[in-house]
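A short write-up of the structure that comes next.
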Amino acid sequence: MKPKIYITRKIPDSTLQKLKEHCHVTMWEEEETPVPRDVLKEQLKTVDGLYCLLTEQIDSELLKEAAQLKVISNMAVGFNNIDVEAASEKGIMVTNTPGVLTESTADLAFALLMATARRIPESSEFLRTGKWKAWAPMMLTGQDVFGATLGIVGMGRIGEGVARRAKGFDMEVLYHNRSRKPDVESQLGVTYVELEELLKQSDYVMILVPFSEETKNLISEKELSLMKETSILINVARGGIVNEHDLYHALKDQKIWAAGLDVFEQEPVSLNHPLLSLPNVVVLPHIGSASIKTRIKMSELAAENLLQALAGNTPQHLVNKELL
Ligand code: NAP
Ligand code: GLV
Numbered sequence: 003m004k005p006k007i008y009i010t011r012k013i014p015d016s017t018l019q020k021l022k023e024h025c026h027v028t029m030w031e032e033e034e035t036p037v038p039r040d041v042l043k044e045q046l047k048t049v050d051g052l053y054c055l056l057t058e059q060i061d062s063e064l065l066k067e068a069a070q071l072k073v074i075s076n077m078a079v080g081f082n083n084i085d086v087e088a089a090s091e092k093g094i095m096v097t098n099t100p101g102v103l104t105e106s107t108a109d110l111a112f113a114l115l116m117a118t119a120r121r122i123p124e125s126s127e128f129l130r131t132g133k134w135k136a137w138a139p140m141m142l143t144g145q146d147v148f149g150a151t152l153g154i155v156g157m158g159r160i161g162e163g164v165a166r167r168a169k170g171f172d173m174e175v176l177y178h179n180r181s182r183k184p185d186v187e188s189q190l191g192v193t194y195v196e197l198e199e200l201l202k203q204s205d206y207v208m209i210l211v212p213f214s215e216e217t218k219n220l221i222s223e224k225e226l227s228l229m230k231e232t233s234i235l236i237n238v239a240r241g242g243i244v245n246e247h248d249l250y251h252a253l254k255d256q257k258i259w260a261a262g263l264d265v266f267e268q269e270p271v272s273l274n275h276p277l278l279s280l281p282n283v284v285v286l287p288h289i290g291s292a293s294i295k296t297r298i299k300m301s302e303l304a305a306e307n308l309l310q311a312l313a314g315n316t317p318q319h320l321v322n323k324e325l326l
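So the number in my numbering is just where the residue sits in the sequence shown, counting from 1, plus 2.
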């Protein structure tokens with residue numbers, strides 16, 4: 003008998019067809035609205051596999067009655083939306099989609115850095131709203147990227163991708179991780195420093211660590227106060243790693259120069275959020291990996307992980323390896 007699976011949002015058709023060959027599929031058909039929690043809870047009572055997105059909070063309460071659930075396949079590399087410990091306690095495998103989105107996300111991170119440094123959205127708006135009267139020496143002036151110092155907090159797969167791009171712009175690249183990476187240091191010519199030093203020296207600080215209890219509020223008032231007045235903060239990792247209240251005040255009081263944010267504590271971010279009232283903030287709706295090819299690859303990898311687990315094999319990207 004085919005296993006039963008639930009998919010929490012419309013996914014690319016080719017991936018859906020592949021899953022249908024092997025499973026009885028029920029899918030939340032909406033493209034833009036997440037599945038309501040009560041619907042998901044009901045579905046989880048009877049399915050063998052869950053294919054979900056980072057918009058679903060899969061916690062212990064939701065898993066309580068998931069009697070036959072064997073695998074939760076997240077179509078994302080980050081998995082902080084899933085209570086992995088609760089899943090492990092019930093012997094449920096958790097999988098993610100690392101690697102296939104690295105370069106697209108690094109592209110977006112670098113694009114956001116450049117857009118923020120050179121005030122691209124603000125300049126575009128300036129022209130469209132009829133404010134452009136004449137070329138002027140200091141009109142819409144920004145910060146240089148070429149030759150500047152970039153500090154990467156979280157030199158993982160995406161961090162390395164950003165560092166490679168930065169080298170093309172002749173940037174000095176500093177990084178901070180919990181563990182040093184001597185191979186990456188010699189291959190990419192990047193320098194390990196403690197977080198405080200990175201914040202003091204960098205013209206650009208880019209956050210690329212996963213969200214965890216350890217990284218929650220990693221960048222708060224104290225850390226922001228160490229940055230230069232001309233420096234720019236870019237967060238493409240997760241909301242909640244940067245304290246939004248403290249960031250708002252640092253930007254408003256011009257303690258730092260600007261910020262580029264692809265992620266927020268609450269998503270979608272409220273249009274009344276104080277950060278959105280500031281002209282020196284460039285905001286994006288969590289589109290780091292959003293290229294057509296990459297999103298298709300992510301959907302396929304999430305499907306492969308799910309099918310492997312349901313077939314009784316070890317999926318390629320198992321998060322809770324303690325289950326092995
Ligand atoms: P990764 O390869 O696991 O890299 C994460 C890096 O962060 C590792 O090098 C890790 O090194 C470091 N790290 C972890 N905890 C740390 C801590 N407490 N302090 C300092 N460094 C720490 O992950 P990735 O594939 O690059 O993805 C990174 C994150 O980006 C994901 O978890 C996800 O949240 C986010 N993301 C966002 C988008 C988007 O659309 N905006 C897209 C993809 C990914 P150590 O273990 O040595 O510390
Ligand atoms: C996106 O944010 C991801 O974690 O894949």
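Even glycine gets a Cβ: it sits at the ideal position worked out from N, Cα and C.
Item                                                                                                          : Value
Nearest neighbour of Pro14, chosen from Ile298, Ser90, Thr193, Arg166 [CA to CA]                              : Ile298
Bridge partners - Val1, DSSP secondary structure assignment                                                   : Residue 1 lies beyond the range of the chain shown here (3 to 326); nothing can be said about it.
Lys169: first and last residue of the uninterrupted beta strand (DSSP E) it sits in                           : Taken as a continuous stretch (DSSP letters only), Lys169 belongs to no beta strand (DSSP E), being part of the alpha helix (DSSP H) at 159-170.
Coil, strand or helix - Lys6 by DSSP                                                                          : strand
Backbone secondary structure at Leu152 - three-state DSSP                                                     : strand
Outcome for Leu64 when other beta-carbon atoms lying within 10 angstroms are tallied against a minimum of 16  : buried
Lys72, buried or exposed, once every other Cβ within 10 Å from all chains shown has been counted against 16   : buried
Span separating the alpha-carbon of Ala136 from that of Ala261                                                : 27 Å
7 Å Cβ shell around Val79 - same chain, five flanking residues per side excluded                              : Asn98, Thr99, Pro100, Leu103
Closer than 6 Å: Met157 CB and nearest ligand 1 heavy atom                                                    : yes
7 Å Cβ cutoff met for Val147 and Val175                                                                       : no
Glu31 versus Lys12 - alpha carbon distance                                                                    : 5 Å
Enclosing beta strand (DSSP E) for Thr97 [first to last residue]                                              : 95-97
Any 3 or more C-beta pairs closer than 8 Å across the segment 113-120 and the segment 256-274                 : yes
Ligand 1 heavy atom lying under 6 Å from the CB of Pro100                                                     : yes
DSSP beta-bridge partners of Thr193                                                                           : Leu176
Where the beta strand (DSSP E) through Ala261 begins and ends                                                 : 260-263
For Met208, three-class secondary structure by DSSP                                                           : strand
With 16 other Cβ atoms within 10 Å as the buried cut-off, status of Val337                                    : This structure cannot settle anything about residue 337, because the visible part of the chain is limited to 3 through 326.
Sufficient close CB pairs (3 or more, under 8 Å) joining the segment 198-212 to the segment 122-133           : no
Opening and closing residue of the alpha helix (DSSP H) in which Ile333 lies                                  : Only positions 3 to 326 of the chain appear in the structure, and residue 333 is not among them; the question remains open.
Whole-angstrom distance between Ala239 and Val283, CA atom to CA atom                                         : 16 Å
Contact under 7 Å by Cβ, Leu253 with Leu280                                                                   : yes
Collapsed DSSP secondary structure at Val285 in the structure displayed                                       : strand
Meets three-Cβ-pair contact criterion under 8 Å: the segment 48-68 and the segment 307-315                    : yes
Per-residue DSSP class, three states only, for Asn76                                                          : strand
Alpha-carbon to alpha-carbon, Glu198 and Glu44                                                                : 47 Å
Span separating the alpha-carbon of Ala69 from that of Gly241                                                 : 32 Å
Under the three-state DSSP convention, the category Ile294 falls into                                         : helix
Distance between Ile74 and Lys66 (C-alpha atoms, nearest Å)                                                   : 14 Å
Asp85 classed as buried or exposed, judged by whether at least 16 other C-beta atoms fall within 10 angstroms : buried
Range covered by the beta strand (DSSP E) that runs through Leu52                                             : 51-54
Between the CA atoms of Val27 and Asn219 - distance to the nearest angstrom                                   : 39 Å
Continuous beta strand (DSSP E) stretch holding Val244: start and end                                         : Segment: none, Val244 is in no beta strand (DSSP E) and carries neither H nor E.
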